[in-house]
Amino acid sequence: MSAPYNPPKSGEDFQIRIALQDMATPGSFKANPTIAAGDFKVDIDGAGFNNLTTTPSVSPASGIAVLLTLSAAEMTGGVISIQGIDQTSPKEWADFFMSIPTT
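Residue numbers are given in the working numbering: position 26 of the sequence shown equals residue 32, and the series is strictly consecutive.
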């Protein structure tokens, strides 16, 4: 893994931690959210969303921080967008979206 991650660079792997809102308790973060393959997808420069290569994980364990890891191949663009949509019903955590401009 390369570091530092600031600024995010095109063609280099990238990691960031996020927190997800608890659907059962709006305004609170979800502790130890369940994340399945396909919940998080990446888009490179508007080409369409595909599953992340690495399924995000709670890190450190049993906390609220979710570690997103993008490979160098997933970072080959000027704008990398990530969406997270819980596939369970009812949803455990709220939908998530972020864009990462690269240098």
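C-beta: ideal position from N, C-alpha, C; glycine also. Quantities reported herein were computed from a predicted structural model and do not represent experimental measurements.
So, using beta-carbon positions, are residue i and residue j closer together than 9 Å?
| i | j | result |
| --- | --- | --- |
| Lys36 | Ile70 | yes |
| Gln93 | Phe103 | no |
| Pro14 | Met81 | yes |
Could you work out which residue in the options is closest to residue i when comparing CA atoms only?
| i | options | result |
| --- | --- | --- |
| Thr108 | Ile86, Lys47, Gly54 and Pro96 | Ile86 |
| Ser63 | Glu18, Ile24 and Pro96 | Ile24 |
| Ser68 | Ile41, Asp49 and Asp45 | Ile41 |
Could you pull out every residue in the same chain whose Cβ sits closer than 8 Å to the Cβ of residue i, ignoring the five residues on either side in sequence?
| i | result |
| --- | --- |
| Gly84 | Ser16, Asp51, Pro107 and Thr108 |
| Ser34 | Gln27 and Asp28 |
| Tyr11 | Phe20, Gln21 and Ile22 |
| Asp45 | Thr61, Pro62, Gly90, Ile91, Asp92 and Gln93 |
Please state the DSSP three-state secondary structure of residue i.
| i | result |
| --- | --- |
| Met29 | coil |
| Met7 | Low local confidence applies: a pLDDT of 48 at Met7 is under 50, so the model's placement there is unreliable, and no value is given. |
Keeping to the same chain, check which residues put their C-beta closer than 7 Å to that of residue i; ignore five residues upstream and five downstream.
| i | result |
| --- | --- |
| Ala100 | Leu26, Gln27 and Met29 |
| Gly39 | According to the sequence shown, residue 39 is Pro rather than Gly. So the list reads Leu26, Val64, Val72, Glu98 and Trp99, once near-sequence residues are dropped. |
| Asp49 | Phe55 and Ser87 |
Ordered along the chain, which non-local residues of its own chain (more than five positions away) have a Cβ less than 6 Å from that of residue i?
| i | result |
| --- | --- |
| Ala43 | Thr61 |
TODO: Evaluate the contact criterion for the region 74-94 versus the region 44-59: three or more CB pairs, one atom per stretch, below 8 Å.
DONE: yes
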